[in-house]
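Asks: All you need for my numbering is the position in the sequence shown, starting with 1, plus 25. Just so you know, even glycine gets a beta-carbon here, dropped at the ideal spot from N, CA and C.
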Amino acid sequence: MRKKSALLAFLLILILAISGCSGRLRDQERKSVDFRTGTQGLELRFPSNMPTKLFEGDNNIGFILEVRNRGAFPQNDVQEEKDIFQGRLFFGGFDPNIIEIDGEDPLVGDLKVGFEIVPANFPLEGKSQFNNEGGIQGLSFKMKINDLPKGTSFSVYRPKIRAAINYYYQTIAAPTICVDPQPESTTIRDKPCLFTDSIGVGSQGAPVAVTRVDQDVVRGVDSKSKLLYKIFIENVGTGRVISFSGVSGSGAIGAALPTISVNPFTTGFRFQDLDKVDIVEVGFGAPTAGKTRSKSTAIPCTPKDRVRLIDNKGVIFCQFDATKEGIDSAFETPLFIKLKYAYQDTAEIQLEVREAIEFG
Numbered sequence: 026m027r028k029k030s031a032l033l034a035f036l037l038i039l040i041l042a043i044s045g046c047s048g049r050l051r052d053q054e055r056k057s058v059d060f061r062t063g064t065q066g067l068e069l070r071f072p073s074n075m076p077t078k079l080f081e082g083d084n085n086i087g088f089i090l091e092v093r094n095r096g097a098f099p100q101n102d103v104q105e106e107k108d109i110f111q112g113r114l115f116f117g118g119f120d121p122n123i124i125e126i127d128g129e130d131p132l133v134g135d136l137k138v139g140f141e142i143v144p145a146n147f148p149l150e151g152k153s154q155f156n157n158e159g160g161i162q163g164l165s166f167k168m169k170i171n172d173l174p175k176g177t178s179f180s181v182y183r184p185k186i187r188a189a190i191n192y193y194y195q196t197i198a199a200p201t202i203c204v205d206p207q208p209e210s211t212t213i214r215d216k217p218c219l220f221t222d223s224i225g226v227g228s229q230g231a232p233v234a235v236t237r238v239d240q241d242v243v244r245g246v247d248s249k250s251k252l253l254y255k256i257f258i259e260n261v262g263t264g265r266v267i268s269f270s271g272v273s274g275s276g277a278i279g280a281a282l283p284t285i286s287v288n289p290f291t292t293g294f295r296f297q298d299l300d301k302v303d304i305v306e307v308g309f310g311a312p313t314a315g316k317t318r319s320k321s322t323a324i325p326c327t328p329k330d331r332v333r334l335i336d337n338k339g340v341i342f343c344q345f346d347a348t349k350e351g352i353d354s355a356f357e358t359p360l361f362i363k364l365k366y367a368y369q370d371t372a373e374i375q376l377e378v379r380e381a382i383e384f385g
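Below, the structure written as structure tokens:
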């Protein structure tokens, strides 16, 4: 009997130990999830069960607009990112004399109070190692259908209700590169990595992506080595890239207006305010968390602050003086790249409004 009790106790301890190990393994698997993948930021969606067959005189027709964060920004534990993340929602594509959406000013097609997306009241965190789906929120609205024009053959009205969301977003890429100041040297050296001319980067969980990094080394007559980097970026999302800074001449008396506050259906954007991406940081190693990089890790680039996309693509040229900074051997390191911009995504749904039929 004692032997059986001892055996049962041993088996129980063994089971607990195995389950504990498997739990730790699952934790390790969760931590190794690469959440910085995908080509989307915020996504709008009208639900499939939204009422679309309407009649004049219908009031208080409720509908939901789903907003989902498909990207990796902002991170819930990074206050700097949460401070930047915000946006604004607009409706358009319909005659405001016939259709009214609750909270909307029919004269300008904008929300009276302006629906702002801020972390304090809008839980739209980006994907992370603990949440690989990202945040999601359903926004409630109501429609009112007014009378159609009388005495005409205009008995059916089929508008496309279009929702547009302007928001601030960031892209972070950190491809591992081999820094080698003398890749073609005939001197035999112990090198822990192999210098490659081009590195494919993939997606980063954002609508603007770093797609490729080309690198080269130039040696001058004074034997100085300069590392050259060509960083390719692209709008890989389904929306429009907008300048992060204010949109010129869109505010009162030609003043700059915050990008996300521009109504795309009424005010619109100027050509010079589109397809601009701000270069926040390019450097070797870990991010600086808002601090200024030391010269030994910061990489000067051209353009310095902002790159213009042409046909949704842009290139950043960077140059690093390896000799001046004392780099004389090969090593592997992340090439940390941070970009910021404003972005616009849209969704639409077809409605059908019919003339009310009077009986008797």
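Find out if the Cβ-Cβ distance for the pair residue 110, residue 121 is shorter than 8 Å.
Replies: Against a cut-off of 8 Å, the Cβ pair of residue 121 and residue 110 comes out as no contact.
Asks: Quick one, are the C-beta atoms of residue 188 and residue 361 less than 8 Å apart?
Replies: No, the Cβ-Cβ distance between residue 188 and residue 361 is not below 8 Å.
Asks: Going by the beta-carbon positions, is the gap between residue 91 and residue 163 smaller than 8 Å?
Replies: Result yes, Cβ atoms of residue 91 and residue 163 sit closer than 8 Å.
Asks: Between residue 186 and residue 116, how many whole angstroms is the CB-CB distance? I'm expecting something under 8 Å.
Replies: So it is a contact: roughly 7 Å between Cβ atoms.
Asks: For residue 158, does the count of other Cβ atoms within 10 angstroms reach 16, so buried, or fall short, so exposed?
Replies: Exposed: under 16 other Cβ atoms inside 10 Å.
Asks: Taking residue 182 and residue 86 to be in contact with their CB atoms under 8 Å, please state how far apart those CB atoms are, rounded to whole angstroms.
Replies: So it is not a contact: roughly 14 Å between Cβ atoms.
Asks: Is DSSP giving residue 286 helix, strand or coil here?
Replies: The answer is helix: DSSP assigns residue 286 an H, G or I state.
Asks: Tell me which residues share the same chain as residue 323 and place their Cβ nearer than 6 Å to its Cβ, disregarding the 5 neighbours each side in the sequence.
Replies: Answer for residue 323: 308, listed in chain order.
Asks: Can you list, in chain order, the stretches of the beta strand (DSSP E) that have 3 or more residues and sit fully within the segment 69-117?
Replies: Whole beta strand (DSSP E) segments, 3+ residues: 78-80, 86-94 and 112-117.
Asks: So, is residue 155 buried or exposed, given that buried needs 16 or more other C-beta atoms within 10 angstroms?
Replies: Looking at its Cβ environment, which holds fewer than 16 other Cβ atoms inside 10 Å, residue 155 is exposed.
Asks: Three or more beta-carbon pairs under 8 Å between the segment 228-235 and the segment 193-207, yes or no?
Replies: Yes: at least three Cβ pairs fall under 8 Å.
Asks: Name the DSSP beta bridge partners of residue 241, please?
Replies: Answer is 253.
Asks: According to DSSP, which residues form a beta bridge with residue 223?
Replies: According to DSSP, residue 223 bridges with 239.
Asks: Only counting the same chain, and skipping five residues up and downstream in sequence, which positions put a Cβ closer than 7 Å to that of residue 300?
Replies: Contacts found: 266, 333 and 334.
Asks: I need the boundaries of the beta strand (DSSP E) containing residue 360, first residue and last residue.
Replies: Unbroken beta strand (DSSP E) run through residue 360: 356-375.
Asks: Consult DSSP for residue 162 and reduce its assignment to one of helix, strand or coil.
Replies: Three-state result, residue 162: strand.
Asks: Do residue 250 and residue 347 have their CB atoms nearer than 8 Å?
Replies: Taking 8 Å as the Cβ cut-off, residue 250 and residue 347 qualify as a contacting pair.
Asks: For residue 287, tell me which candidate among 169, 125, 217 and 113 has the shortest Cα-Cα distance.
Replies: Per the Cα distances, 113.
Asks: For residue 327, which residues from the same chain have a beta carbon less than 6 Å from its beta carbon, with the 5 sequence-adjacent residues on both sides left out?
Replies: 342, listed in sequence order.
Asks: Looking only at its own chain, which residues have a Cβ that is under 7 Å from the Cβ of residue 325, when we skip the five neighbours before and after it?
Replies: Cβ within range, chain order: 343 and 344.
Asks: Would you mind reading off the limits of the beta strand (DSSP E) that contains residue 190?
Replies: It spans 185-198 - the beta strand (DSSP E) in which residue 190 sits, taken as one unbroken run.
Asks: Do residue 258 and residue 364 count as a contact pair if the criterion is CB distance below 8 Å?
Replies: It is a contact, given that the beta carbons lie within the stated cut-off.
Asks: If I measure Cβ to Cβ from residue 127 and keep anything under 6 Å in the same chain, skipping five residues before and after, which residues do I get?
Replies: 166 and 167, listed in sequence order.
Asks: State the beta-bridge partners of residue 64 as determined by DSSP.
Replies: According to DSSP, which records beta bridges pairwise, residue 64 is partnered with nothing at all.
Asks: Need the endpoints of the beta strand (DSSP E) that residue 342 sits in, please.
Replies: Segment 338-346, the beta strand (DSSP E) holding residue 342.
Asks: Of the residues 372, 382 and 222, which one's Cα is nearest the Cα of residue 69?
Replies: Here the closest residue by C-alpha is 372.
Asks: Could you give the distance in angstroms between the alpha-carbon of residue 184 and the alpha-carbon of residue 293?
Replies: Roughly 20 Å between the two C-alpha positions.
Asks: Under the DSSP definition of a beta bridge, which residues are partnered with residue 309?
Replies: Residue 309 is bridged to 360.
Asks: Within a Cβ cutoff of 7 Å, which residues of the same chain sit near residue 353, ignoring the five residues on either side of it in sequence?
Replies: If we look at residue 353 and ignore the five residues flanking it on each side, its Cβ neighbours are 206.
Asks: How would you call residue 105, buried or exposed, if buried means at least 16 neighbouring beta carbons within 10 angstroms?
Replies: With fewer than 16 other Cβ atoms within 10 Å, it is exposed.
Asks: Would you mind reading off the limits of the beta strand (DSSP E) that contains residue 17?
Replies: Because residue 17 is not part of the residues shown, which for the chain are 26 to 385, the question remains open.
Asks: Helix, strand or coil: which one does DSSP assign to residue 59?
Replies: The answer is coil: DSSP assigns residue 59 none of H, G, I, E or B.
Asks: Sort out for me which residues DSSP pairs residue 259 with in a bridge.
Replies: Bridge partners of residue 259: 234 and 338.
Asks: Buried or exposed for residue 370, going by 16 or more other Cβ atoms inside 10 Å?
Replies: With 16 or more Cβ atoms within 10 Å of its Cβ, residue 370 is classed as buried.
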